[in-house]
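Input: a single structure, listed below in structure tokens.
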Amino acid sequence: VKDSGLRGRGGAGFPTGMKWSFIPQDNPNPKYLVVNADESEPGTCKDIPLMMATPHTLVEGVILTCYAIRANHAFIYVRGEVLHVVRRLQRAVQEAFLAGHLGTDIHGTGFDLQVTVHAGAGAYICGEETALLDSLEGRRGQPRLRPPFPAVAGLYASPTVINNVESIASVPSILRNGAQWFTAMGTSNDDPKMRSKGMTLYSLSGHVTRPGQYEAPMGVTLRELLDLTGGMREGHELKFWTPGGSSTPLLTAEHLDVPLSYEGIASAGSMLGTKALQVFDETTCVVRCVLRWTEFYAHESCGKCTPCREGTFWLVQILRRLETGLGTPEDLEKLLDISDNILGRSFCALGDGATSPITSSLEFFRDEYVAHLERGGCPFDPAASTVFADTATAGVRAR
Numbered sequence: 167v168k169d170s171g172l173r174g175r176g177g178a179g180f181p182t183g184m185k186w187s188f189i190p191q192d193n194p195n196p197k198y199l200v201v202n203a204d205e206s207e208p209g210t211c212k213d214i215p216l217m218m219a220t221p222h223t224l225v226e227g228v229i230l231t232c233y234a235i236r237a238n239h240a241f242i243y244v245r246g247e248v249l250h251v252v253r254r255l256q257r258a259v260q261e262a263f264l265a266g267h268l269g270t271d272i273h274g275t276g277f278d279l280q281v282t283v284h285a286g287a288g289a290y291i292c293g294e295e296t297a298l299l300d301s302l303e304g305r306r307g308q309p310r311l312r313p314p315f316p317a318v319a320g321l322y323a324s325p326t327v328i329n330n331v332e333s334i335a336s337v338p339s340i341l342r343n344g345a346q347w348f349t350a351m352g353t354s355n356d357d358p359k360m361r362s363k364g365m366t367l368y369s370l371s372g373h374v375t376r377p378g379q380y381e382a383p384m385g386v387t388l389r390e391l392l393d394l395t396g397g398m399r400e401g402h403e404l405k406f407w408t409p410g411g412s413s414t415p416l417l418t419a420e421h422l423d424v425p426l427s428y429e430g431i432a433s434a435g436s437m438l439g440t441k442a443l444q445v446f447d448e449t450t451c452v453v454r455c456v457l458r459w460t461e462f463y464a465h466e467s468c469g470k471c472t473p474c475r476e477g478t479f480w481l482v483q484i485l486r487r488l489e490t491g492l493g494t495p496e497d498l499e500k501l502l503d504i505s506d507n508i509l510g511r512s513f514c515a516l517g518d519g520a521t522s523p524i525t526s527s528l529e530f531f532r533d534e535y536v537a538h539l540e541r542g543g544c545p546f547d548p549a550a551s552t553v554f555a556d557t558a559t560a561g562v563r564a565r
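Position one of the sequence shown corresponds to residue 167 (the working numbering), numbered consecutively onward.
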């Protein structure tokens, strides 16, 4: 797995094999694997279809990973709202147990493994790995202070590996086909700085002809994906998009040919994140869109740290004034000032993610914010940006 160059598919992109190697084998405590299936990032919709389509692949990856790190108990933490996924996984685990792939002395190897499917309670913050551990232990999900890191003191204060669904589901095919098979896909092997290997799942949504989950090599461009999937909805042009969900800085049509790799997107000033490609055309109001995302982060803030708890609240108040045309030019600088005081000062990445769409939208679309001030309201027709809007009513402003 190390040789394959597999990197975490949940957002950070940390090398998976290296993460496994951090588990101290001389620690007398039990070792655990926790699969983060709490897919909650706006625009991200790859893990749930993956678990529904091939749950046994995930279970197989769990077994192989646990054998590699010598863990005898694994947990799959799933969003509580997706009950159908929970049932699907529970059935797959039961079938693996009946087939002898789980339990005690698996196939006479002397290796024991139990797998528990755990349903969360719908909190976005529990996608953060240490908050997930607190939730799994029966406590309120809030980020932990690190160090100690989960590899040393994670679940029940024992060594723990936490990986995303897609990361674990990639393991069986790598072991079956070899590391060279995996490294042959992705960014060029000629450049040692380009280390985004293998195939991955991209969630394509928004104002596109055929939204959905698409498997493609790391390093493909949005232009190539749009060409393969029918492009933008008829009669419209790309305005802006997110490369990794709403917590990553916005990109524009100028970035259509940027490779969708960790290094490529970073060079453009954003992050690949969960590879949630939300695509918006010229009918979309950037201010309205950013406000909706910020409302989400303010609602989902766990409240543990002041910068995130108070900062997201005030960001929402200012954005609401701006959207309705009641703001002032000073509000634009206030947005940047509050964002700067949140960035790098919150307890986890939720605060940083809340600021990304604000700062990037002001970088690329400041004139649109100004237009709201000058016009005394939003100059866009909200019905026109609705994908399912009837053409007869698309020109009628909502009242």
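Glycine residues also receive a C-beta, built at the ideal position from the N, C-alpha and C atoms. Source: prediction; values computed, not measured.
What would DSSP say about glycine 393, mapped onto helix, strand or coil? Locating residue 393 in the sequence shown gives position 227, where the first residue counts as 1. Checking the sequence, you will find aspartate at residue 393 rather than glycine. Here aspartate 393 sits in helix by DSSP.
Nearest to glycine 435 by CA position, among Tyr243, Ala297, Thr414, Gly396, is which residue? Counting from one through the sequence shown, the residue named residue 435 turns up at place 269. Residue Thr414 is the option with its Cα nearest to glycine 435.
Determine, using beta carbons only, whether serine 551 and leucine 443 come nearer to each other than 9 Å. What you label residue 551 is simply residue 385 of the sequence shown in a count that begins at 1. What you label residue 443 is simply residue 277 of the sequence shown in a count that begins at 1. The Cβ-Cβ distance between serine 551 and leucine 443 does not fall below 9 Å.
Which class does glutamine 308 belong to by DSSP, given the choice of helix, strand or coil? Working through the sequence shown from its first residue, we reach residue 308 at position 142. Under the three-state reduction of DSSP, glutamine 308 is assigned to coil, being neither helix nor strand.
Classification of lysine 359 by the beta-carbon crowding that lies within 10 angstroms, buried from 16 upward: Locating residue 359 in the sequence shown gives position 193, counting from the first residue. A caution first: lysine 359 carries a pLDDT of 49, below 50, which makes its placement in the model too unreliable to give a value.
List the DSSP bridge partners of alanine 317. To locate residue 317, count along the sequence shown from 1; it is residue 151. DSSP output for alanine 317 lists no bridge partner at all.
Between the Cα of phenylalanine 530 and those of Tyr322, Val228, Leu417, spot the shortest distance and give me the residue it belongs to. Looking up residue 530 in the sequence shown gives position 364. Nearest Cα to phenylalanine 530 within the set Tyr322, Val228, Leu417: Leu417.
Below 6 Å CB to CB, which residues in the same chain sit around alanine 262 once its five sequence neighbours on both sides are set aside? Here residue 262 refers to the residue found at position 96 of the sequence shown. Here the set comprises Val225, Leu268.
DSSP state of valine 167, grouped into three classes? Residue mapping note: residue 167 aligns to position 1 of the sequence shown, counting from 1. Looking at valine 167 - three-state DSSP - the assignment turns out to be coil, as it is neither helix nor strand.
What residue from Asp447, Lys197, Ile504, Cys544 has the CA that sits closest to leucine 321's CA? Stepping through the sequence shown from its first residue, residue 321 is reached at position 155. Comparing Cα-Cα distances from leucine 321 to each of Asp447, Lys197, Ile504, Cys544, the minimum goes to Lys197.
Check the DSSP bridge columns for leucine 539 and list the partner residues they point to. In the sequence shown, residue 539 corresponds to position 373, counting from 1. DSSP output for leucine 539 lists no bridge partner at all.
Check whether the segment 228–244 touches the segment 281–291, counting contact only when three or more Cβ pairs, one atom from each stretch, lie closer than 8 Å. With three or more CB-CB distances shorter than 8 Å, the segment 228–244 counts as touching the segment 281–291.
Taking C-beta to C-beta, are methionine 331 and methionine 217 nearer than 9 Å? Counting from 1 along the sequence shown, the entry for residue 331 is found at position 165. Counting from 1 along the sequence shown, the entry for residue 217 is found at position 51. Correcting the residue type first, residue 331 is valine in the shown sequence and not methionine. In this structure, methionine 217 lies closer than 9 Å to valine 331 by Cβ.
Give every residue of the same chain whose Cβ lies closer than 6 Å to the Cβ of lysine 212, excluding the five residues on either side of it in the sequence, and list them in chain order. Here the question's residue 212 lines up with position 46 in the sequence shown. Result list for lysine 212: Leu367, Ser369, Gln379, in chain order.
With threonine 366 as the anchor, note down where its beta strand (DSSP E) starts and where it stops. Within the sequence shown, the letter at position 200 stands for residue 366. If you look at threonine 366, you'll find it in the beta strand (DSSP E) that goes 365–372.
Give a yes or no on whether the C-beta atoms belonging to arginine 511 and glycine 517 are separated by under 9 Å. Locating residue 511 in the sequence shown gives position 345, where the first residue counts as 1. Locating residue 517 in the sequence shown gives position 351, where the first residue counts as 1. Yes, the pair counts as a contact, with Cβ atoms nearer than the cut-off.
How is asparagine 329 classed by DSSP in three states: helix, strand or coil? By 1-based counting over the sequence shown, the position of residue 329 is 163. In the three-state DSSP reduction, asparagine 329 falls in the strand class (E or B).
Using the Cβ count rule (16 or more neighbours within 10 Å means buried), how would you classify leucine 264? Numbered from its first residue, the sequence shown carries residue 264 at position 98. Label assigned to leucine 264: exposed.
Leaving aside the five residues before and after proline 208 along the sequence, list all residues of the same chain whose C-beta is less than 7 Å from its C-beta, in chain order. In the sequence shown, residue 208 corresponds to position 42, counting from 1. Closer than 7 Å at the Cβ level, and outside the excluded window around proline 208, lie Gly411, Ser412, Trp459, Phe462.
Quick one: which unbroken alpha helix (DSSP H) runs of 4-plus residues sit fully inside the segment 226–264? Chain order, please. Entirely contained in the segment 226–264, the alpha helix (DSSP H) runs reaching 4 residues are, in chain order, 249–264.
Does the contact criterion of 3 or more C-beta pairs under 8 Å hold for the segment 417–434 versus the segment 533–544? With the cut-off at 8 Å, the segment 417–434 and the segment 533–544 do not touch.
Cβ-based burial, histidine 273 [other Cβ within 10 Å; buried from 16]: Position 107 of the sequence shown, counted from the start, is the residue given in the question as residue 273. With fewer than 16 other Cβ atoms within 10 Å, it is exposed.
Beta-carbon separation of phenylalanine 406 and phenylalanine 348 under 9 Å? Start at 1 with the first residue of the sequence shown, and residue 406 comes out as number 240. Start at 1 with the first residue of the sequence shown, and residue 348 comes out as number 182. Going by C-beta atoms, phenylalanine 406 is not nearer than 9 Å to phenylalanine 348.
Nearest CA to the CA of valine 374: which residue from Met351, Thr223, Leu391? For the purposes of this step, residue 374 is identified with residue 208 of the sequence shown, where counting begins at 1. Selected option, being the one with the closest Cα: Leu391.
Check lysine 359 in the structure and name its three-state DSSP category. Sequence index remark: in the sequence shown, residue 359 carries index 193 (1-based). In this predicted model, lysine 359 has a pLDDT of only 49, less than 50, meaning its place in the structure is not dependable enough to derive any value.
Own chain partners of tyrosine 428 with C-beta closer than 6 Å, once the 5 adjacent residues on each side are dropped: As a working note, residue 428 is residue 262 in the sequence shown. So the list reads Gly179, Ser362, Leu438, once near-sequence residues are dropped.
Is it the case that the Cβ atoms of proline 309 and cysteine 468 are separated by a distance below 9 Å? Taking the sequence shown and counting its residues from 1, the one referred to as residue 309 is at position 143. Taking the sequence shown and counting its residues from 1, the one referred to as residue 468 is at position 302. Result yes, Cβ atoms of proline 309 and cysteine 468 sit closer than 9 Å.
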